[in-house]
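Everything on this sheet refers to the single structure shown next.
In this note's numbering, the protein residues as written are 1144 to 1573.
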């Protein structure tokens, strides 16, 4: 698999360079059911100002993983006020689900809304935008089902703790995705221009490490100690050496700390939290084994005990080509440059990757206007996530996702292609 870390906004800088042309008259677009796209667009435009209020409300109340109480209530109230069947605290305390069904015997479309923020820098990954993107897709899809009398069910799932909690993995294990024929969501990234890309992501393992040693007076009798801080420092340096011999797209990064540390007592404890990433889950397994060796060598050198726990396993995003091609043609025809190169990788990870291996799914990455060096997980991106430009870019993606979702519900041949594409991708990854 080829690897590409080019920012999303660099996909194309001019219309003539786009893989899919955009900006045409909607009547001339080669997209699925232009009249349905018009219905979706009208509904999302009508709700735009309210969706922006919702986004800014979530943005101004940043909440960490599994603590998304305000966002949970704001989103569920918004949907209850629009006649959705809402279940609060669904399977997890801050998860929720909203459903709508039109007609009988239809298929089921899943949609995800994320909600959580990051410590210290708030919504620096734009989850407030992901939250309203899911809502907009759901509203647009519902409007299309009602106006064009299409049988189908929409399940909008509010998913907590993407940042370090693997909330979707937990929900998947608890059955939250059962019955869905396909699932959709999106994620913003940096760029001065609008654009969207169907790419994969990096698979990930999180390793939590605990070193146990023995305290001693640092001046009086240091020979009595096993220094857990030294073990952590040695492990950190071991991994710095390991990085020289890993592949360019692989990532190993972490932090360490401890309790009751003071300069005149040799520490008897140290904790470390590490992320190991590579382009596939099988490569992550291989790299994680090498990282474990770094931890174990440090324990041996310092005489400390070490405990290593795998706390997260996230798969790479397995974009469904049939869904992705429909999304890319729709977005590229109407909104901006659209890249559909499934072999390229965005060098980040998401718990939605596991969903893409459980059922047909897509997770397009899209760009919002940002300043230089203001990418994800920076204060600059926190500011971009509340900008009007970020809001407008999000709704353009939502329109294309909604039309893709409606096609899942309305076009039996297309759904068969989606499922066949999914099964083929699972066979190839085995």
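Where a beta carbon is used, it is the ideal one built from N, C-alpha and C, also for glycine.
Just so it is clear, the structure is predicted and the values come from calculations on it, not from any experiment.
- Let me know the alpha helix (DSSP H) ranges lying completely inside the region 1200 to 1251, each 4 residues or longer, listed in chain order. 1212 to 1223
- Could you pull the start and end residues of the beta strand (DSSP E) that residue 1412 belongs to? In the chain shown, residue 1412 corresponds to position 269, counting from 1. That run of the beta strand (DSSP E) goes 1412 to 1421.
- Option in 1288, 1528, 1411 and 1385 with minimal Cα separation from residue 1201: Numbered from its first residue, the chain shown carries residue 1201 at position 58. It is 1528 whose Cα lies nearest to the Cα of residue 1201.
- Query: Exposed or buried, which one is residue 1168 when buried takes at least 16 other CB atoms within 10 Å?
  - Reply: On the chain shown, residue 1168 is found 25 positions in, with the first residue counted as 1. In this prediction, residue 1168 scores a pLDDT of 33, lower than 50, which makes its location untrustworthy; the coordinate-derived value is nonetheless stated afterwards. Burial call: exposed.
- Message: Less than 8 Å between CB atoms is the rule here; does residue 1182 satisfy it with respect to chain D?
- Response: Among the chains of the structure shown, chain D does not appear; only one protein chain is present.
- Does the beta-carbon distance from residue 1313 to residue 1455 come in below 8 Å? Counted from its first residue, the chain shown places residue 1313 at position 170. Counted from its first residue, the chain shown places residue 1455 at position 312. The answer is no: Cβ separation not under 8 Å.
- Between the beta-carbon of residue 1279 and the beta-carbon of residue 1194, is there less than 8 Å? Start at 1 with the first residue of the chain shown, and residue 1279 comes out as number 136. Start at 1 with the first residue of the chain shown, and residue 1194 comes out as number 51. The answer is yes: Cβ separation under 8 Å.
- If you draw a straight line from the C-alpha of residue 1309 to the C-alpha of residue 1513, how long is it? One-based indexing of the chain shown puts residue 1309 at position 166. One-based indexing of the chain shown puts residue 1513 at position 370. Approximately 27 Å, taken between the alpha carbons.
- Task: Taking residue 1472 as the reference, give the member of 1341, 1212 and 1210 with the closest Cα.
- Result: Counting from one through the chain shown, the residue named residue 1472 turns up at place 329. That would be 1341, whose Cα lies nearest to the Cα of residue 1472.
- Scan the region 1379 to 1452 and note each continuous alpha helix (DSSP H) run of 4 residues or more that stays entirely inside, going in chain order. 1424 to 1445
- Quick one, are the C-beta atoms of residue 1596 and residue 1511 less than 8 Å apart? Only positions 1144 to 1573 of the chain appear in this structure, which leaves residue 1596 out of reach.
- Query: Nearest-angstrom Cα distance between residue 1485 and residue 1343?
  - Reply: The sequence position of residue 1485 within the chain shown is 342, counting from 1. The sequence position of residue 1343 within the chain shown is 200, counting from 1. Taking the straight line joining both Cα atoms gives about 6 Å.
- Task: Whole angstroms is fine: what's the gap from residue 1173's alpha carbon to residue 1241's?
- Result: Sequence index remark: in the chain shown, residue 1173 carries index 30 (1-based). Sequence index remark: in the chain shown, residue 1241 carries index 98 (1-based). For residue 1173 and residue 1241, the distance between alpha carbons rounds to 32 Å.
- What's the gap between the Cα of residue 1482 and the Cα of residue 1439? Walking along the chain shown from the start, residue 1482 turns up at place 339. Walking along the chain shown from the start, residue 1439 turns up at place 296. Between residue 1482 and residue 1439, the C-alpha separation is close to 43 Å.
- Message: Tell me the residue span of the beta strand (DSSP E) that contains residue 1348.
- Response: Mapped onto the chain shown, residue 1348 falls at position 205. Taken as a continuous stretch (DSSP letters only), the beta strand (DSSP E) holding residue 1348 covers 1346 to 1355.
- Message: Which of the three DSSP states is assigned to residue 1132 in this structure?
- Response: Only positions 1144 to 1573 of the chain appear in this structure, which leaves residue 1132 out of reach.
- Task: Please classify residue 1550: is it buried, with 16 or more other beta-carbons within 10 angstroms of its beta-carbon, or exposed?
- Result: In the chain shown, counting from the first residue as 1, residue 1550 sits at position 407. Residue 1550 should be labelled buried.
- Message: Strictly by DSSP, which residues pair up with residue 1331?
- Response: Taking the chain shown and counting its residues from 1, one reaches residue 1331 at position 188. 1509, per the DSSP bridge assignment.
- Leaving out five residues on either side along the sequence, give the residues of the same chain with a beta carbon under 8 Å from the beta carbon of residue 1518. To locate residue 1518, count along the chain shown from 1; it is residue 375. So the list reads 1150, 1332, 1333 and 1524, once near-sequence residues are dropped.
- For residue 1460, three-class secondary structure by DSSP: One-based indexing of the chain shown puts residue 1460 at position 317. Here residue 1460 sits in coil by DSSP.
- Task: Put residue 1255 into one of helix, strand or coil per three-state DSSP.
- Result: Taking the chain shown and counting its residues from 1, one reaches residue 1255 at position 112. Of the three classes helix, strand and coil, the one that applies to residue 1255 here is strand, per DSSP.
- Message: I want to know whether the region 1378 to 1385 touches the region 1434 to 1448 - three or more CB-CB distances under 8 Å.
- Response: yes
- Task: Helix, strand or coil for residue 1265, going by three-state DSSP, please let me know.
- Result: For the purposes of this step, residue 1265 is taken as residue 122 along the chain shown, with counting starting at 1. If DSSP states are grouped into helix, strand and coil, residue 1265 belongs with the strands.
- Find the nearest neighbour of residue 1506 within the set 1522, 1469, 1477 and 1535, judged by alpha-carbon distance. Reading the chain shown from its first residue, position 363 is the one you call residue 1506. Measuring from the Cα of residue 1506, the nearest candidate turns out to be 1469.
- Message: In whole angstroms, give me the CA-to-CA distance for residue 1187 and residue 1393.
- Response: By one-based count along the chain shown, residue 1187 stands at place 44. By one-based count along the chain shown, residue 1393 stands at place 250. Their Cα atoms are separated by approximately 39 Å.
- C-alpha gap between residue 1563 and residue 1354, whole angstroms: For the purposes of this step, residue 1563 is taken as residue 420 along the chain shown, with counting starting at 1. For the purposes of this step, residue 1354 is taken as residue 211 along the chain shown, with counting starting at 1. The alpha-carbon atoms of residue 1563 and residue 1354 are separated by roughly 48 Å.
- Query: DSSP three-state call for residue 1360: helix, strand or coil?
  - Reply: Looking up residue 1360 in the chain shown gives position 217. DSSP places residue 1360 in strand when its eight states are reduced to three.
- Kindly give me the distance between the Cβ atoms of residue 1404 and residue 1410, rounded to whole angstroms, as I take these residues to be in contact under 8 Å. Reading the chain shown from its first residue, position 261 is the one you call residue 1404. Reading the chain shown from its first residue, position 267 is the one you call residue 1410. Right, the Cβ-Cβ distance comes to about 5 Å (below 8 Å), so this counts as a contact.
- Task: Return the CA-CA distance between residue 1257 and residue 1209, expressed in angstroms with no decimal places.
- Result: The count along the chain shown starts at 1 and reaches residue 1257 at position 114. The count along the chain shown starts at 1 and reaches residue 1209 at position 66. Approximately 11 Å, taken between the alpha carbons.
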